[in-house]
Amino acid sequence: MTSNITPVDRIAALECTPIRVLAGPGTGKTYALMRRVARLLRDGIPPERILVCTFTRTAAKDLQNELKKLDVDGAERVRAGTLHSLCFSLLSKEKALESTGRVPRSLMSFEVRFLLEDIQGENFGGIREKRKRLKAFEAAWARLQTEEPGWPNVPVDRAFQEELLSWLRFHEAMLVGELVPETLKFLRNNPELRPIYQHVLVDEYQDLNKAEQVLIDLLSENGNLFVVGDEHQSIYSFKYAHPEGIIQFHENHPGTHNETLDVCRRCPKRVVDMANVLISNNSQHPRQLRPMDDAPEGEVYVVQWRDMESEAQGIAQFVKQRIAEGVLPGKVLILSPRRQFGYAVRDALHAVGVPAQSFFQEEVLEGNPKDLEKSKAQQAFTLLTLLANPNDRVALRCWCGFGSSSLRKGAWAQLRKHCESTGESPRTVLEHLVSERKVIEGHRLNDLFTRFRELKDRLQTLANLRGHDLLDALFPAGEEWADPFHSLVLGIEEEDFDARTLLETLRMNIVQPEIPTEVDYVRVMSLHKAKGLTADLVVVQGCMEGLIPMITDETDESDLEEQRRLFYVAITRTKKTLVLSSVVELPFDCAQRMKVNHKKAYRRDGNLFVRTIASRFLSELGPACPRAVTGEDFLKQTVGGEVR
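Positions 185 to 828 (this note's numbering) are the ones given, in order, by the sequence shown.
Here it is in structure tokens:
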């Protein structure tokens, strides 16, 4: 007799622990997770004793929305969010602050530049070398190498660590990479203060680094652990993801019960076939996706254009045509490996009357802090930070350094030395010195005085502003550098928001961007941000060597495997139509900015260009992948015309 119990039903009802579910793209892992939460609640587990964790805010928001849909009492009280948000809340409590002596105020990426400028040591090297050292420390924290005896065992590393931690303690700040290890340390040392969970459920387990996975083990130490993930979708090595954690989960967690979800309920058959052949090129590929029996064959195009302009215009025409045929704008995803490609197609969509929005938030604070004209976004964000918290030491350090070739590290070092000897805060000292014009150890801090006076004047003009008046004063509408900030605050419901609300919203949307899922416009974003999203029509731009995959002198086979996984994630976002797009020519300066490798530049009509070729990944998609066509032929086939 055939059982009517589905794999999801079976997983929801499991009573063993721990449980590992290996689930490919589109196989219903989130649904399985929610069904299990519902079962736990119906069985009488208090919602406060259930923790659901995932890697991104977008995934966390989806989980929260799914929990609200559960017709079960208490579902809205289940804690669901990112592990980082949990760590931040734990470290922000008074007892944690007393125990750790650290302040969980994380540095933005541009603020790290000032830290590196200030850290001085005989053998630390220049900014590039210090950045490499810092990256090595972040990797060590993520991999828990700091728990190994003798760490760090090289004298120059020990000296760097001392200077690094000294700077962070003085500036009452923490690097993003410290958040989880510091939480882990605190909870290990204070077992009475640990939150108690009977059930810990983790989505996207393969994206967690080792420290995060060990923290999960600690949180579930006296309860039940349920993890869901897919090693084929591990795409965050730059955040030190530890995909071995899910591969070897059963080895590190004796008695693990394993389940597999392999029927892709999202993608058409052709895309499933292409995805399977693609991922089989990686060293670990024992599992294959299976399409639904009634899945459509699917529509796939591989297109090559002359240049970025013709690509942007051609994609815009194609998308406009499909929308006219019934595809909703919110069901279209454009995935771009670089923002230059994304901005070009976004603007082309606007030009043909198609609503579109781009999501490249992590780049809005890029700039050179040594140049006032090239760091306007950084200065505005710093000013907002000081408006929300006048005693923020990191922001004050940055403000005082903007526009200087040395970021005024000498003057700031003098100020810091004085503060450390007297116990005063930098702001208090500057307030006093500006009014009294006093001297610290014979050094007159004229540069700091000037910047601090300007700060006080600017804060005075902003003091009584709220809502969009405040937003416009800091980030003037119509300024190219300021425009992205206006889209980042669309989620603020109140009209009369204050500086703190504006700062928290911007900071969260930049550091942990949340991609909206229910929209009425075309979304343009990076391949990484598409994780967890689906669409009827997906276009992947930049399918050329040097971008997909990105190739550098340091690229090795493991890097290529991760980039192949990223491409696998990108193509499995679609439910109906997939377009893989490339161009054969890039302006030389554009190729330089995007760091596209090329062998030779050539000149035409007085301008320099470079030639590119299609990505090697296209040839790894197997026989289900159609032959590439030119942009002109593609438009004739789908739109009935040429690029206009």
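For glycine and all other residues, C-beta sits at the position ideal for the given N, C-alpha and C.
All values derive from a computational prediction rather than experimental measurement.
Exposed unless 16 or more other CB atoms sit within 10 angstroms - verdict on residue i
i	result
Tyr381	buried
Pro209	buried
Ser803	exposed
Lys245	buried
Ser418	buried
Pro539	exposed
Asn442	exposed
Ser765	buried
Asn249	exposed
Asp457	buried
Gln545	buried
Residue i - partner residues in DSSP beta bridges
i	result
Asn630	In DSSP, Asn630 forms no bridge with anything.
Phe793	Pro771, Tyr786
Glu483	Thr761
Leu519	Met709, Val724
Gly265	Cys237
Ala207	Leu445
Gly413	Leu206
Ser766	Gln488
Ala719	Thr758
Asn408	His383
Ser290	Met358
Asn393	Ala425
Ala798	Met728
DSSP state of residue i mapped onto helix, strand, coil
i	result
His383	strand
Ala584	The displayed chain sequence assigns Cys, not Ala, to residue 584. Helix, per DSSP.
Asp478	coil
Leu349	helix
Arg449	coil
Thr186	Legend: pLDDT at Thr186 = 47, less than 50; position of this residue unreliable, value from coordinates given subsequently. Correct three-state label for Thr186: coil.
Thr814	strand
Val827	Its pLDDT being 48, under 50, Val827 is placed unreliably by the model, and nothing is read from it.
Asn648	coil
Gln541	strand
Asn142	The question about residue 142 has no answer, for the chain in this structure spans 185 to 828.
Asn374	coil
Ala666	coil
Ala196	helix
Ala661	coil
Ala808	coil
Met734	coil
Cutoff 7 Å; reference residue i; Cβ partners in own chain excluding five residues on either side
i	result
Gln432	none
Asn465	Arg748, Glu804
Residue nearest to residue i in terms of C-alpha spacing, selected from the options
i	options	result
Asp817	Ala508, Trp489, Leu658, Leu568	Trp489
Pro807	Lys453, Leu402, Arg506, Thr569	Lys453
Cys200	Ala264, Lys319, Asn573, Val411	Val411
Arg372	Glu405, Lys593, Glu741	Glu405
Arg289	Val706, Glu688, Ala323	Glu688
Gln505	Ala320, Val536, Cys584	Val536
Cys448	Thr756, Leu764, Arg787, Val767	Thr756
Phe543	Glu557, Pro553, Gly526	Gly526
Asn436	Lys423, Leu445, Asp401	Asp401
Glu362	Arg286, Thr242, Ile694	Arg286
Ser742	Leu359, His426, Gly258	His426
Ser589	Phe565, Leu568, Ser559	Ser559
Ile676	Ala657, His652, Pro365	His652
8 Å Cβ shell around residue i - same chain, five flanking residues per side excluded
i	result
Cys603	Phe354, Ser609, Pro610, Val613
Arg637	Val618
Met185	Residue confidence for Met185 is low, a pLDDT of 41 falling below 50, so the modelled location carries little weight and cannot support an answer.
Lys394	Ala326, Arg327, Leu328, Tyr424, His426, Gly429
Ala532	Ala496, Gln497, Ile499, Ala500
6 Å CB neighbourhood of residue i in its chain, flanking five on each side removed
i	result
Val827	With a pLDDT of only 48 at Val827, under the threshold of 50, the placement of this residue in the model should not be trusted; the figure read from the coordinates follows. Here the set comprises Ser494, Gln497, Gly498.
Lys760	Asp720
Closer than 7 Å: residue i CB and nearest the ligand ADP heavy atom
i	result
Arg530	Summarising the ligand content, the structure contains no ligands, and the ligand ADP is consequently not present.
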